[in-house]
Amino acid sequence: MAQTPIQAADGAKITFTIRPSEERGNADHGWLKTFHTFNFADYYDPRYEGYGPLRVINEDRVEPREGFGTHSHREFEIMSYIISGNLEHRDSMSNVEVMKRGDVQLTSAGTGIRHSEKTDGDNQVHFLQIWSVPNKRGLTPKYYHRHFSDEEKRQGWVAVVGKIGDEGVSDSREGTGPTPVHSNLWLYATLLGAGKTIDHPLKYSKGYIHVVQTSGYNTEKSKGNRVKLNGAVELGEGDGAFVTNGGENEIVKIENIGDGEAELLFFDLD
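The numbering of the sequence shown is full-length UniProt numbering, which starts it at 1 and goes up by one.
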């Protein structure tokens, strides 16, 4: 990781390594504006191969009537977290679905699937595409869909993805509770208002926090909403931070120090 680790300022045995938004991989293809937290497509940096089971966090904006044509995946679990606009998904398992804000869709590609993702409607779609490596190969391909409201996220952390087999995680295609994933990965989302604080008890040895770039596409230094982690690290929109848990029962404390509502994702990883 390129940045110098920063120790929590409140005595917690936690270090943060910032991933500045402007240093992410970035490409503007006209129809697609994309950022890459980890290596993807033409972007490569040996320091960003992955983190725990995480391999991809792409923040994508796709123009109307455009998208990713039919292509193949295997041995990855691929999640779409919709921020704004509508995204149409079609796949070789006969799933056809239009996803909107608050939706999380996960395809466990396993032995292999083909799918396409395209903007539905007249507005740009803004979403995060996330890939993780399952803890076993050769899984039977499966499709999952969940919806999580803004109202839920304003009340605290909402577990939107969770490890299959853990309490509260169902293997059903639809339903409530976290979307199931076959690895030590939990993903939480929240909408944190200006001046508010929220705690996150660390579940595993690693974490990653991402501040969604909600106020508009920006390839320069982060702007918009800002948060502070354990009194030590400030992040703006598009920024992220790798979290290292050096103790037991450690807590990441997050304060919104900006003027607006920040959309945050927190990955617990091992």
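Don't be surprised by glycine CBs; every beta carbon is placed ideally from N, CA and C.
Since the model is a prediction, treat every value here as computed from it, not as a measurement.
Counting only the same chain and skipping the five closest in sequence on each side, list residues whose C-beta sits under 8 Å from that of residue i.
i: GLU234; result: ARG226, VAL227, LYS228, ILE257
i: GLU77; result: LEU106, THR107, SER108, ALA109, TRP131, SER132, VAL133, PRO134, VAL181, HIS182, SER183
i: ALA159; result: GLY168, GLY177, PRO178, TRP186, LEU187, TYR188
i: GLU152; result: VAL158
Going by DSSP, what residue range makes up the beta strand (DSSP E) through residue i?
i: GLU234; result: 233–236
i: ASN26; result: 25–28
i: ASN58; result: 54–62
i: PHE35; result: 32–36
i: VAL243; result: 240–245
i: ILE209; result: 206–211
For the alpha helix (DSSP H) that residue i lies in, which residues bound it at each end?
i: ARG154; result: 150–154
Given residue i, which residues of its chain have a CB within under 7 Å of its CB, disregarding the five upstream and five downstream residues?
i: ASN123; result: PRO64, GLY85
Taking the DSSP output, what are the residues bridged to residue i?
i: GLN7; result: THR15
i: GLY67; result: LYS118
i: MET79; result: LEU106, ILE130
i: ASP199; result: LYS253
i: HIS145; result: GLN105
Just confirm the distance between the C-beta atoms of residue i and residue j, as a whole number of angstroms; I'd bet it's less than 8 Å.
i: LEU128; j: TYR81; result: 4 Å
i: LYS100; j: ARG61; result: With 8 Å as the limit, LYS100 and ARG61 do not qualify as a contact, their Cβ atoms being about 16 Å apart.
Spatial neighbours of residue i within its chain, please: CB distance less than 6 Å, with the 5 preceding and 5 following residues excluded, ordered by chain position.
i: GLY67; result: GLU117, LYS118, THR119
i: ASN95; result: TYR143
i: PHE266; result: TYR188, HIS200, ILE209
i: THR140; result: GLY110
i: MET79; result: LEU106, ILE130
Three-pair Cβ contact test at 8 Å for the region 79–88 versus the region 39–46: Taking one beta carbon from each stretch, the region 79–88 and the region 39–46 have fewer than 3 pairs nearer than 8 Å; the two do not touch.
Cβ contact (3+ pairs, closer than 8 Å) linking the region 236–246 and the region 13–26: With a cut-off of 8 Å, the region 13–26 and the region 236–246 count as touching, because enough Cβ pairs lie within range.
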